[in-house]
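Each residue of the sequence shown is one higher than the last, beginning at 23 in the working numbering.
Please read the structure below before turning to the comments.
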Amino acid sequence: MNHFINNISLYPPYPEDNKMIIFGMGCFWGAERLFWGIEGVYVTLVGYSGGFKENPSYTDVCSGITNHAEVVLVIYNPKITSLEDLLKVFWENHDPTQYMRQGNDIGSQYRSTIYTYNKEDYDFCNKSKSKYQNILNKASYGEIKTEIEYHKNFFIAEEYHQQYLAKIPNGYCNHGFCQAEYKK
(Lines of atoms letter the chains of each structure in order from A and count residues from 1; the text may use other names and numbers.)
(Lines give C-alpha, C1' and ligand atoms only; values in the text may rest on other atoms or scores of the structure.)
Protein backbone atom coordinates (compact mmCIF):
# COMPACT_ATOMS: atom_id res chain seq x y z
CA MET A 1 0.00 0.00 0.00
CA ASN A 2 1.39 3.39 -1.03
CA HIS A 3 0.72 6.92 0.20
CA PHE A 4 -2.11 8.43 -1.84
CA ILE A 5 -0.31 11.78 -2.29
CA ASN A 6 3.39 10.99 -2.71
CA ASN A 7 3.15 7.30 -3.74
CA ILE A 8 5.76 6.25 -1.14
CA SER A 9 5.24 2.85 0.47
CA LEU A 10 3.55 3.06 3.86
CA TYR A 11 5.56 0.06 5.04
CA PRO A 12 9.18 -0.12 6.20
CA PRO A 13 11.98 0.06 5.49
CA TYR A 14 12.12 3.82 5.86
CA PRO A 15 15.30 5.85 5.25
CA GLU A 16 17.81 5.12 8.02
CA ASP A 17 18.36 8.76 8.93
CA ASN A 18 14.63 9.35 9.51
CA LYS A 19 12.89 9.31 12.89
CA MET A 20 9.39 8.32 13.93
CA ILE A 21 6.83 9.86 16.27
CA ILE A 22 3.17 8.99 16.83
CA PHE A 23 0.53 11.63 17.52
CA GLY A 24 -3.05 11.12 18.69
CA MET A 25 -5.12 14.27 18.47
CA GLY A 26 -8.68 13.20 17.86
CA CYS A 27 -9.89 11.84 14.54
CA PHE A 28 -6.88 10.63 12.61
CA TRP A 29 -8.14 11.88 9.23
CA GLY A 30 -7.58 15.54 10.06
CA ALA A 31 -4.47 14.87 12.13
CA GLU A 32 -2.74 13.16 9.22
CA ARG A 33 -3.56 16.01 6.83
CA LEU A 34 -1.77 18.44 9.15
CA PHE A 35 1.53 16.57 8.79
CA TRP A 36 1.73 15.08 5.29
CA GLY A 37 2.71 18.33 3.57
CA ILE A 38 5.41 19.47 5.99
CA GLU A 39 8.84 19.73 4.39
CA GLY A 40 11.02 16.96 5.76
CA VAL A 41 8.14 14.59 6.48
CA TYR A 42 8.90 11.45 4.48
CA VAL A 43 5.54 9.74 4.90
CA THR A 44 2.49 9.69 7.17
CA LEU A 45 0.11 6.86 7.91
CA VAL A 46 -2.83 6.43 10.24
CA GLY A 47 -3.41 3.61 12.65
CA TYR A 48 -4.12 2.52 16.18
CA SER A 49 -1.78 2.64 19.20
CA GLY A 50 -1.80 2.23 22.94
CA GLY A 51 -4.30 -0.60 23.25
CA PHE A 52 -4.05 -4.25 24.07
CA LYS A 53 -5.67 -6.06 21.11
CA GLU A 54 -3.42 -7.22 18.28
CA ASN A 55 -4.39 -5.93 14.82
CA PRO A 56 -7.63 -4.19 15.80
CA SER A 57 -10.11 -3.03 13.21
CA TYR A 58 -11.69 0.41 13.09
CA THR A 59 -14.88 -1.16 14.46
CA ASP A 60 -12.92 -2.69 17.36
CA VAL A 61 -11.28 0.64 18.21
CA CYS A 62 -14.54 2.61 17.94
CA SER A 63 -16.16 0.19 20.40
CA GLY A 64 -13.86 1.63 23.07
CA ILE A 65 -12.97 -1.77 24.52
CA THR A 66 -9.48 -2.10 22.97
CA ASN A 67 -8.11 1.14 24.52
CA HIS A 68 -6.39 2.10 21.27
CA ALA A 69 -6.16 5.71 20.17
CA GLU A 70 -6.58 6.85 16.58
CA VAL A 71 -3.10 8.10 15.68
CA VAL A 72 -0.87 9.31 12.89
CA LEU A 73 2.63 7.91 12.51
CA VAL A 74 4.98 10.58 11.18
CA ILE A 75 8.28 9.50 9.63
CA TYR A 76 10.51 12.54 9.18
CA ASN A 77 14.04 13.68 8.47
CA PRO A 78 15.32 15.55 11.57
CA LYS A 79 17.89 17.36 9.42
CA ILE A 80 15.03 19.10 7.59
CA THR A 81 12.27 19.39 10.19
CA SER A 82 12.69 19.18 13.94
CA LEU A 83 10.64 17.36 16.53
CA GLU A 84 9.81 20.79 17.94
CA ASP A 85 8.39 21.84 14.55
CA LEU A 86 6.11 18.79 14.61
CA LEU A 87 5.13 19.42 18.24
CA LYS A 88 4.11 22.97 17.34
CA VAL A 89 1.65 21.53 14.80
CA PHE A 90 0.47 18.97 17.36
CA TRP A 91 -0.13 21.40 20.24
CA GLU A 92 -1.72 24.14 18.16
CA ASN A 93 -4.16 22.03 16.16
CA HIS A 94 -6.26 20.29 18.77
CA ASP A 95 -7.34 20.96 22.34
CA PRO A 96 -4.95 19.00 24.57
CA THR A 97 -6.95 20.00 27.66
CA GLN A 98 -9.89 17.79 26.68
CA TYR A 99 -9.99 14.34 28.26
CA MET A 100 -10.88 11.34 26.10
CA ARG A 101 -12.37 13.49 23.37
CA GLN A 102 -11.84 16.20 20.79
CA GLY A 103 -14.88 18.38 20.27
CA ASN A 104 -17.83 16.25 19.20
CA ASP A 105 -15.68 13.12 18.94
CA ILE A 106 -15.99 11.40 22.31
CA GLY A 107 -14.22 8.25 23.49
CA SER A 108 -10.81 6.94 24.49
CA GLN A 109 -9.87 6.51 20.82
CA TYR A 110 -9.89 10.32 20.46
CA ARG A 111 -7.55 11.07 23.36
CA SER A 112 -4.54 13.33 23.06
CA THR A 113 -1.39 11.20 22.99
CA ILE A 114 2.23 11.20 21.95
CA TYR A 115 4.15 7.94 21.58
CA THR A 116 7.92 8.23 21.30
CA TYR A 117 10.57 5.76 20.19
CA ASN A 118 13.45 6.80 22.47
CA LYS A 119 14.25 8.51 25.77
CA GLU A 120 15.58 11.68 24.15
CA ASP A 121 12.30 12.30 22.33
CA TYR A 122 10.27 11.26 25.38
CA ASP A 123 12.08 13.82 27.54
CA PHE A 124 11.81 16.51 24.86
CA CYS A 125 8.05 15.93 24.45
CA ASN A 126 7.53 16.22 28.21
CA LYS A 127 9.48 19.50 28.30
CA SER A 128 7.40 20.72 25.37
CA LYS A 129 4.23 19.80 27.26
CA SER A 130 5.36 21.83 30.29
CA LYS A 131 6.27 24.75 28.06
CA TYR A 132 2.87 24.67 26.35
CA GLN A 133 1.08 24.31 29.69
CA ASN A 134 2.65 27.62 30.76
CA ILE A 135 1.36 29.22 27.55
CA LEU A 136 -2.12 27.77 28.13
CA ASN A 137 -2.12 28.96 31.75
CA LYS A 138 -1.55 32.53 30.57
CA ALA A 139 -4.45 32.11 28.11
CA SER A 140 -6.76 30.77 30.87
CA TYR A 141 -6.93 27.22 29.52
CA GLY A 142 -7.10 24.17 31.76
CA GLU A 143 -4.60 21.41 32.40
CA ILE A 144 -3.14 19.46 29.48
CA LYS A 145 -4.43 15.88 29.44
CA THR A 146 -2.05 14.62 26.75
CA GLU A 147 -0.50 11.24 27.55
CA ILE A 148 3.17 10.96 26.63
CA GLU A 149 4.44 7.39 26.61
CA TYR A 150 6.99 5.16 24.94
CA HIS A 151 5.75 3.49 21.77
CA LYS A 152 4.15 0.13 22.61
CA ASN A 153 2.49 -0.81 19.36
CA PHE A 154 1.23 0.58 16.11
CA PHE A 155 -1.29 -1.13 13.89
CA ILE A 156 -1.86 0.39 10.48
CA ALA A 157 -5.48 1.33 9.84
CA GLU A 158 -7.49 0.06 6.92
CA GLU A 159 -6.55 1.43 3.49
CA TYR A 160 -9.64 3.61 3.14
CA HIS A 161 -8.53 5.63 6.20
CA GLN A 162 -5.07 6.39 4.75
CA GLN A 163 -4.88 9.99 3.48
CA TYR A 164 -8.68 10.05 3.73
CA LEU A 165 -9.00 13.81 3.36
CA ALA A 166 -6.90 13.78 0.18
CA LYS A 167 -9.30 11.25 -1.31
CA ILE A 168 -12.40 12.98 0.08
CA PRO A 169 -11.39 16.66 0.48
CA ASN A 170 -14.72 17.68 2.02
CA GLY A 171 -14.76 14.74 4.43
CA TYR A 172 -15.29 15.15 8.16
CA CYS A 173 -12.60 17.00 10.08
CA ASN A 174 -13.02 18.75 13.41
CA HIS A 175 -9.42 19.97 13.88
CA GLY A 176 -8.96 23.62 14.58
CA PHE A 177 -6.38 25.99 15.95
CA CYS A 178 -6.18 25.91 19.75
CA GLN A 179 -5.97 29.74 19.96
CA ALA A 180 -2.74 29.54 21.96
CA GLU A 181 0.43 29.73 19.90
CA TYR A 182 3.30 27.39 20.77
CA LYS A 183 6.47 29.45 20.80
CA LYS A 184 9.67 27.60 19.93
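By construction, the Cβ of each residue, glycine as well, lies at the ideal position given by its N, Cα and C atoms.
Closest to residue i by CA distance: which of the options is it?
i      : options                        : result
SER31  : PHE50, GLY62, LEU67            : LEU67
GLU106 : TYR121, GLN120, GLY86, ASP143  : ASP143
TYR194 : LYS174, GLU171, THR103, GLY125 : GLY125
TYR204 : CYS49, ASP117, HIS25           : ASP117
ILE27  : PRO191, HIS197, GLY198, ALA202 : PRO191
ASN99  : ALA53, VAL63, ASN24            : VAL63
THR135 : GLY46, ASN29, PRO37, PRO35     : GLY46
SER71  : LYS141, GLU38, GLU114, SER130  : SER130
GLY198 : LYS206, ASN156, TYR121, GLU114 : GLU114
MET42  : ASP127, ALA202, TYR154, LYS141 : LYS141
Which of helix, strand or coil does DSSP assign to residue i?
i      : result
SER134 : strand
TYR139 : coil
ASN196 : coil
ASN159 : helix
TYR182 : helix
SER79  : coil
ASP107 : helix
TYR36  : coil
TYR144 : helix
Quick check on residue i - is its C-beta less than 8 Å from some C-beta in chain C?
i     : result
TYR98 : You won't find chain C in this structure, because it holds only one protein chain.
In the DSSP assignment, what are the bridge partners of residue i?
i     : result
VAL93 : GLY69
Mind checking whether the beta-carbon of residue i lies closer than 7 Å to any heavy atom of the ligand GDP?
i      : result
PRO191 : For the structure depicted, the ligand GDP is absent and the ligand set is empty, with no information on it obtainable.
I think residue i touches residue j, with their Cβ atoms under 8 Å apart; what is that distance to the nearest whole Å?
i     : j      : result
PRO78 : PHE177 : 6 Å
PHE50 : VAL94  : 6 Å
Taking three-plus beta-carbon pairs below 8 Å as touching, is the segment 46 to 58 in contact with the segment 148 to 166?
The segment 46 to 58 vs the segment 148 to 166: no contact.
Answer yes if the segment 144 to 151 comes into contact with the segment 178 to 186, meaning at least three C-beta pairs across the two stretches below 8 Å, and no otherwise.
Taking 8 Å as the limit for Cβ pairs, the verdict is that the segment 144 to 151 does not touch the segment 178 to 186.
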